[in-house]
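Numbering-wise, full-length UniProt numbering puts 75 at position 75 of the sequence shown, and it's gapless, one number per residue. Structure first, commentary second.
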Amino acid sequence: MNENREKTLIELFRALDGIYGPNYECKYYPCHFYGQDCTFCYCPFYPCLIYDLGGELILTEDGYIWSCKGCNWVHEKENAEEIIYRLGSYPKQRLVEEDWFFFSRVLQEMIYGRELGVWVGSSYNLMPAILRGKECEEVENIEFLAVTLEDFEIVDVRRISNVEDADSEIIIPLKIGGELYGIDNSGRKVMCKL
Ligand code: SF4
Numbered sequence: 001m002n003e004n005r006e007k008t009l010i011e012l013f014r015a016l017d018g019i020y021g022p023n024y025e026c027k028y029y030p031c032h033f034y035g036q037d038c039t040f041c042y043c044p045f046y047p048c049l050i051y052d053l054g055g056e057l058i059l060t061e062d063g064y065i066w067s068c069k070g071c072n073w074v075h076e077k078e079n080a081e082e083i084i085y086r087l088g089s090y091p092k093q094r095l096v097e098e099d100w101f102f103f104s105r106v107l108q109e110m111i112y113g114r115e116l117g118v119w120v121g122s123s124y125n126l127m128p129a130i131l132r133g134k135e136c137e138e139v140e141n142i143e144f145l146a147v148t149l150e151d152f153e154i155v156d157v158r159r160i161s162n163v164e165d166a167d168s169e170i171i172i173p174l175k176i177g178g179e180l181y182g183i184d185n186s187g188r189k190v191m192c193k194l
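Have a look at this one:
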């Protein structure tokens with residue numbers, strides 16, 4: 001297990017044991033907004049790959065990372081409490097053993113009411129979740145992203161133009177500014193407003 005995931009699980013178990021809320025003693029407080037809930041400084045859903053919550057892929061010297069700088073969602077008190085409620089219904093050992101897809105499913109159930117991502121062969125298409133309900137228009141010749149995760153870490157990101165070209169990857173829209181490029185539920189190539 002990588003070091004960050006280990007820290008994430010330690011923090012999650014502290015929360016499940018009742019240690020949560022704002023951390024006024026942290027030298028970075030408030031890193032998102034005053035009054036924020038710091039229970040999940042290490043988010044259990046990381047990297048969620050869901051732009052709706054404010055996160056995004058950024059390219060650094062060390063490769064792509066999922067930046068959560070713009071996500072306030074996990075720091076809202078009621079959301080932190082619901083995460084504790086939902087993840088608290090599973091045995092801790094299971095939370096240690098479960099993979100990214102399990103945590104994505106829990107997160108999708110929280111924010112969309114149900115899992116909207118779908119398996120396409122060995123790949124997992126998150127576009128139906130991310131593009132749902134957005135204002136979209138049909139466009140030509142788009143590309144979107146195929147992300148490879150290993151142990152909750154992004155190890156590769158590549159552009160593809162057909163869902164079928166993904167190979168054991170997670171498929172998400174390409175984000176350029178406030179626009180998302182991908183394939184909608186009807187199979188149309190679309191540009192949607194985030
Ligand atoms: S964007 Fe928010 S919900 Fe997603 S991984 Fe980052 S902190 Fe967690």
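Each residue gets a CB set at the ideal place from its N, CA and C atoms; glycine is no exception.
- Within the DSSP bridge table, the entry for Trp66 names Leu57 as partners.
- Contact between Ile160 and Glu143 holds: their C-beta atoms lie close to 7 Å from each other, under 8 Å.
- At a cut-off of 7 Å, the beta-carbon of Pro91 does not count as near the ligand SF4: no heavy atom of the ligand is closer than that.
- Take Cys43, set aside five residues on each side of it, and the residues of its chain with a beta-carbon closer than 6 Å to its own are Val74, in chain order.
- For Gly178, the closest C-alpha among the options Trp119, Ser186 and Leu131 is that of Leu131.
- The way I'd put it, the region 3-22 does touch the region 78-88; three or more beta-carbon pairs between them come closer than 8 Å.
- Under the DSSP assignment, Leu9 falls in the alpha helix (DSSP H) whose first and last residues are Glu3 to Leu16.
- Its chain contains Asn4, Thr8, Trp66, Cys68 and Phe152 as the residues whose beta carbon lies nearer than 8 Å to that of Tyr46, once the 5 sequence neighbours on both sides are disregarded; these appear in chain order.
- Cβ neighbours of Asn185 within its own chain (closer than 8 Å, five residues either side excluded): Pro128, Leu131 and Arg132.
- About 42 Å separates the Cβ atoms of Glu135 and Lys92, ruling out a contact at the 8 Å cut-off.
- If you check the CB distance, Pro22 and Cys48 do not come in under 8 Å.
- Non-local beta-carbon contacts of Tyr124 in its own chain, meaning distances under 6 Å to residues more than five positions away in sequence, involve Gly117 and Ile170 in chain order.
- Residue range Ser123 to Asn125 is occupied by the beta strand (DSSP E) that includes Ser123.
- Here the alpha carbon of Lys189 sits roughly 28 Å from the alpha carbon of Val106.
- By the rule of a C-beta closer than 5 Å to any heavy atom of the ligand SF4, the residues picked out are Cys43, Phe45, Tyr46, Cys48, Leu53, Gly55, Cys68, Cys71 and Val74.
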